[in-house]
Structures are given as structure tokens and as C-alpha cells.
Amino acid sequence: MTTIKKIGIIGAGQMGSGIAQVCAQAGYAVTLSDISEAALEKSLAGISRNFDRQIQKGKLSETDKTAALGRIVTGTDLSIFGDCDLVVEAATENEALKRDLLKKLVPHLKPEALIATNTSSISITRLAAATDRPAKFMGMHFMNPVPVMQLVELIRGIATDEPTFEAIKELTLAIGKTAAVAEDFPAFIVNRILLPMINEAVYTLYEGVGGVDAIDTALKLGANHPMGPLELADFIGLDTCLAVMQVLYEGLADSKYRPCPLLVKYVEAGWIGKKYGRGFYDYSQTPPVPTR
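Going by this note's numbering, the first residue of the sequence shown is number 1393, and it counts up by one from there.
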């Protein structure tokens, strides 16, 4: 079984940054890559702020923070992953983009290196086929926000071998997460259940059954959810929600997974959630106000 000591992460967005943080905090050497230095600087600044919050809560010391940040190196070229034992792809949820990225990655890796993808919905088997090592490839789906959420879904592709699965399961536990093993079906477990619920909430809004505030209040108080489904959709990103629903609709060929036309319209308008200032809520105001 491969011993994982150095972890590479492709993508310094919200997910990639979170994965880098928890791995570095757990003592692993981390190599973080993105297409721009600006994105990497933003990522490191965000990780530093997260550590500061932990220090304020008494969960981390300044010494621990300095040591963890010192374990993260960054760069914009895929060649920096040459000595990594595992590389986690955490790029945008777009299959064509991920496959292209994986094809470009493999020439830079040592033969025994493992690859994981943080996809939340796309076939692990198809992504593995874009590499030269399907047996050493699997899904490692972290939840957002990574430092807070306990779960990691582990998904084998059809070719994933047992040593790869065991090595990545061991890593999952070592970074303080809980593993849930899922089969390689569209959207796996969490998003197979969660995203249709969100899509149905959007249909409920679209059909005028209730407004944004009423729908979110109903689920928070009536089902004891910590966030309403439309608030959660904004947090995830409506573009990501739509991408997952399209994977479900196309992969399972069942009309119950048809993306709501209102969700499509919001994405086309660029109203894709909290990170972009507007979705089902307007985040230019404090507190955010419903847009419908």
C-alpha cells in the first residue's frame, strides 16, 4: 500500500483551499496549484484567516498555525506535483475541464502516485479513463466548508484497486474526517439526495407555492434543517447545483431529475449565489434579503 506523505491539490478555490488547510494542519506536506498567482495568494490568505479563527477559539496555537502554513507550497505549473504521493483534483465541476486537466497532469507524476478527484457528481470511471492509472484513481468527495464538515465520500471507479482505496481511506481518517463509501453512480450519496431536494425547492418557488423566505423558514423550522434549501443553494453555488442536476438527469434518464427552469434562468443571468453577490438572496444588503 502506498504511504502518503506529500499531497498535491489542483485548484485553490474554496474546496481546494479547504483540503489544503486540513491536510497541512494534520501534518502533511501540501503542494497547492492554480492557474494564477493571485488565486494562490487569496487561498493562503483565507487559510491564514481560518487558522486565526481557530486560535481565537483556543483550538490552535500561533506555533501550530506557522507550522501548518509552512507545510504548504504553491505554484502554477503542474510539474510541481512530481514528488507527490497523492494528487487531489479540485477544479470546477465540469467533466471536459477535469478530463483535460488530468491528461495534462499524468506526465508529471511518479509512477506510483495516486490520483483522487473531488467531483461531487461525475463518473469516477470516466475520469479515471483520462489518466494512465485507472487502478490508482478514485473519488474523494469532501463537503463544503472542508475544515468544518466531517464527511468525505469515498468512491471507487470500476478499476480502482484495493491498495489505493485503503491508502486513501487511511488518509481520510488521519485528517480527522469520517468516510462514507459510495458506489460510482451519478452524484453518489449526498448529492443524489440533497440536490433533488434543492431542485424541488426551486420548483416550489417557480410554481408560486411559497416565497424564498417562506420556503427556507418552512424547512428550517418544519424539518429542523440548519439552513433552508434556497439559502443552501446560494452557499453551494447555483451553477454547481445545476451541473449536478444535469449529471443526474442525463445519467439516470429520469424526468424527476429535470433541472427547474428557474434554476437554469438564474445561472444564465449570472445570479449564482453568495460568492457572486446574488442568487435567491441579495447579498449586497445586511442581512441578505430574498430576491423573490
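Just so it is clear, CB atoms sit at the ideal spot from N, CA and C, and this is done for glycine as well.
Would you be able to state if there are at least three C-beta pairs under 8 Å between the stretch 1517 to 1527 and the stretch 1577 to 1592?
no
Buried or exposed for residue 1437, going by 16 or more other Cβ atoms inside 10 Å?
Indexing the sequence shown from 1 puts residue 1437 at position 45. The residue is exposed, with fewer than 16 neighbouring Cβ atoms inside 10 Å.
Go through the stretch 1539 to 1586 residue by residue and report every complete run of the alpha helix (DSSP H) that reaches 4 residues or more, in order.
1554 to 1566
Contact check, residue 1484 vs residue 1576, beta carbons under 7 Å:
As a working note, residue 1484 is residue 92 in the sequence shown. As a working note, residue 1576 is residue 184 in the sequence shown. Not closer than 7 Å, so no.
Answer yes if the stretch 1656 to 1667 comes into contact with the stretch 1601 to 1618, meaning at least three C-beta pairs across the two stretches below 8 Å, and no otherwise.
no
Backbone CA spacing between residue 1616 and residue 1552 [nearest angstrom]
Mapped onto the sequence shown, residue 1616 falls at position 224. Mapped onto the sequence shown, residue 1552 falls at position 160. Distance between the alpha carbons of residue 1616 and residue 1552: 38 Å.
Tell me which same chain residues have a C-beta within less than 7 Å of the C-beta of residue 1394, skipping the five on either side of it?
Locating residue 1394 in the sequence shown gives position 2, counting from the first residue. Contacts found: 1477, 1504, 1506, 1555 and 1559.
Under 7 Å, do residue 1593 and residue 1621 count as touching if we go by C-beta distance?
As a position in the sequence shown, residue 1593 is number 201, starting the count at 1. As a position in the sequence shown, residue 1621 is number 229, starting the count at 1. Yes, Cβ-Cβ distance for residue 1593 and residue 1621 is below 7 Å.
Residue 1428 versus residue 1416: straight-line alpha-carbon distance, rounded:
In the sequence shown, counting from the first residue as 1, residue 1428 sits at position 36. In the sequence shown, counting from the first residue as 1, residue 1416 sits at position 24. Approximately 21 Å between the Cα atoms of the pair.
Kindly provide the ranges of any beta strand (DSSP E) runs that are 3 or more residues long and lie completely inside the stretch 1482 to 1550, ordered along the chain.
1506 to 1509, 1529 to 1534 and 1543 to 1548
When you compare the CB positions of residue 1480 and residue 1411, do they come within less than 7 Å of one another, or not?
Position 88 of the sequence shown, counting from 1, holds the residue named residue 1480. Position 19 of the sequence shown, counting from 1, holds the residue named residue 1411. For residue 1480 and residue 1411, yes; Cβs fall inside 7 Å.
Whose CA, out of 1614, 1486, 1498 and 1519, lies closest to the CA of residue 1471?
Looking up residue 1471 in the sequence shown gives position 79. Selected option, being the one with the closest Cα: 1498.
In whole angstroms, what separates the C-alpha of residue 1407 from that of residue 1414?
In the sequence shown, the residue the question calls residue 1407 occupies position 15. In the sequence shown, the residue the question calls residue 1414 occupies position 22. Looking at the two C-alpha atoms, the distance is approximately 11 Å.
May I ask which residues mark the beginning and end of the alpha helix (DSSP H) holding residue 1470?
Here the question's residue 1470 lines up with position 78 in the sequence shown. Taken as a continuous stretch (DSSP letters only), residue 1470 belongs to no alpha helix (DSSP H), as it is neither H nor E.
Using DSSP with H/G/I as helix, E/B as strand and the rest coil, what is residue 1664?
Here residue 1664 is taken as the residue at index 272 of the sequence shown, counted from 1. Looking at residue 1664 - three-state DSSP - the assignment turns out to be coil, as it is neither helix nor strand.
Distance, residue 1450 Cα to residue 1642 Cα:
To locate residue 1642, count along the sequence shown from 1; it is residue 250. To locate residue 1450, count along the sequence shown from 1; it is residue 58. Their Cα atoms are separated by approximately 47 Å.
Cutting at 6 Å between CB atoms, please list the residues of its own chain near residue 1421, excluding the five before and the five after it.
Within the sequence shown, numbered from 1, the residue matching residue 1421 stands at position 29. Closer than 6 Å at Cβ, skipping near neighbours: 1398 and 1463.
Contact between the stretch 1644 to 1659 and the stretch 1623 to 1635 (3+ Cβ pairs under 8 Å):
yes
Can you look up residue 1452 in the DSSP assignment and give me helix, strand or coil?
For the purposes of this step, residue 1452 is identified with residue 60 of the sequence shown, where counting begins at 1. Of the three classes helix, strand and coil, the one that applies to residue 1452 here is coil, per DSSP.
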